[in-house]
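Report on the structure given below.
Residue numbers (the working numbering): 106 to 181.
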């Protein structure tokens with residue numbers, strides 16, 4: 106383990122258990138070492154399947170729709 110990664114893991118020990126688990130999931134996702142990195146709820150799975158179907162249909166937001174969302178949430 107590199108010194109940098111070692112320091113990062115030491116720093117992570119001060120975080121909450123939830124944040125430590127999130128870091129672990131990210132590491133596993135990056136290195137491919139855990140089959141259950143993320144478990145979707147039935148609603149999340151349905152949303153993901155619908156998003157994939159939209160991508161296959163090339164059903165994307167228009168530039169106007171994207172601009173409207175950005176203008177709504179943009180910090181001045």
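We treat Cβ as the ideally placed atom computed from N, Cα and C, and that holds for glycine.
In this text the structure is predicted, and so the values were computed from the model without any measurement.
Annotation: residue 180 is outside any alpha helix (DSSP H) and is labelled neither H nor E by DSSP.
Between residue 130 and residue 143, the beta carbon gap of about 7 Å places them in contact (Cβ cut-off 8 Å). Under the DSSP assignment, residue 125 falls in the alpha helix (DSSP H) whose first and last residues are 122 to 136.
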